[in-house]
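First up is the structure itself, then whatever we jot down about it.
Residue numbers (this note's numbering): -10 to 313.
Spelled out as structure tokens, the structure:
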């Protein structure tokens, strides 16, 4: 896999400063039951990295000590971590809002038959990847048979109340482009998804999140191999909007890897860019070092991939930042 880091580290991206942290995003490991072409963490069934129990307990302690209200769980497939359910239950007992970044097909894997019901019982918000409402496009990006398996997962979630009016169980879907282009307007695309999924498959959901593909890991390597890296970066930079800077996710979120080390965002984690200001920040910081440290006002470490968050309507783990 071709490394894009040397092409990204020298940057003219604007300076970003942190506001108060309200979200702890934790990567529970890189093991996944899929190997998607766009995956920025290069997750696969062959990966073995997984967060250990003592690090899970540290997450829970940090949430309490720093009064963080949101826990955003990622992977790989976060549900494959053996401590996943323990973490969810404990966090919910602490009054923390939990988000599970679910690939949908995990709901159909052996040993996970009750997963949808567990998530509903714990009132976990689900953010699920479904890059298109057409089978051909999804299978091209995520593997043959993934679309049909995703529909089965969505029907399970709908049956548990997810996406249903007044259930309080939030089901978000995630769209990302198939190639080196910006995602279309999120508002219009959400309406199209809702209409098509309801008409074709009887599936309902709450919101669509439109994300830009980041020029790192598998997707970045593909760009280099196809001679598309420079044109894609030109596209991101030409579409940059300063007004998106106020809403970028790194202002209110920290990202923790499976070993407990902290980064300014999930993408910086994959590039192994340590927490802190460019060129002057500390080495790799562990979450244990932040229990008594307020990061408000700290400078975020940036690189050229950050233009993926500010181009056009903007992009973050919560979808578009503005109307395109």
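Beta carbons are placed, not taken as given, at the ideal position from N, Cα and C, and that holds for glycine. Treat the numbers as computed from the prediction; the structure is a model and nothing was measured.
Residue interval of the beta strand (DSSP E) (run including residue i)
i           : result
residue 91  : 86 to 91
residue 243 : 242 to 245
residue 15  : 12 to 16
residue 109 : Not the beta strand (DSSP E): residue 109 falls in the alpha helix (DSSP H), residues 104 to 110.
residue 117 : 114 to 118
Reference residue i; option with closest CA among the options
i           : options            : result
residue 35  : 69, 44, 256, 54    : 69
residue 71  : 3, 172, 101, 124   : 101
residue 251 : 234, 232, 275, 259 : 275
residue 203 : 84, 173, 255       : 255
residue -4  : 249, 205, 257      : 205
residue 106 : 142, 138, 50, 308  : 142
residue -7  : 210, 232, 215, 108 : 210
residue 281 : 50, 236, 21, 5     : 50
CA-to-CA distance, residue j to residue i, given in whole angstroms
i           : j           : result
residue 245 : residue 170 : 29 Å
residue 94  : residue 129 : 15 Å
residue 238 : residue 190 : 33 Å
residue 278 : residue 55  : 12 Å
residue 3   : residue 48  : 31 Å
residue 104 : residue 96  : 6 Å
residue 241 : residue 9   : 6 Å
residue 163 : residue 91  : 10 Å
residue 269 : residue 76  : Residue placement at residue 269 is poorly supported in this model, since its pLDDT is 49, which falls under 50; the coordinates are not used for a value here.
residue 53  : residue 217 : 45 Å
residue 148 : residue 126 : 26 Å
residue 168 : residue 208 : 9 Å
residue 99  : residue 220 : 43 Å
residue -1  : residue 292 : 7 Å
residue 260 : residue 64  : 15 Å
residue 40  : residue 19  : 9 Å
residue 265 : residue 286 : 11 Å
residue 313 : residue 235 : Annotation note: pLDDT 45 at residue 313 (below 50); position unreliable, coordinate value reported separately. Taking the straight line from one Cα to the other gives about 16 Å.
residue 137 : residue 122 : 11 Å
residue 150 : residue 139 : 17 Å
Residue i - containing alpha helix (DSSP H), residue span
i           : result
residue 148 : 135 to 148
residue 257 : 255 to 260
residue 43  : 42 to 54
residue 300 : Careful: residue 300 lies outside any alpha helix (DSSP H) and carries neither H nor E.
residue 77  : 73 to 82
Short CB-CB distance (under 8 Å) between residue i and chain C
i           : result
residue 104 : Absence of chain C from the displayed structure is noted, only one protein chain being present.
Return the chain-ordered ranges of every beta strand (DSSP E) run that is complete within the stretch 153 to 234 and spans a minimum of 3 residues. 160 to 164, 196 to 199
* **Segment contact flag, the stretch 295 to 309 with the stretch 209 to 228, C-beta cutoff 8 Å, min 3 pairs** => yes
message: Under 8 Å: do the stretch 299 to 310 and the stretch 188 to 203 share three or more Cβ pairs, one atom per stretch?
response: yes
Quiz prompt | Contact between the stretch 37 to 44 and the stretch 13 to 23 (3+ Cβ pairs under 8 Å) | solution = yes
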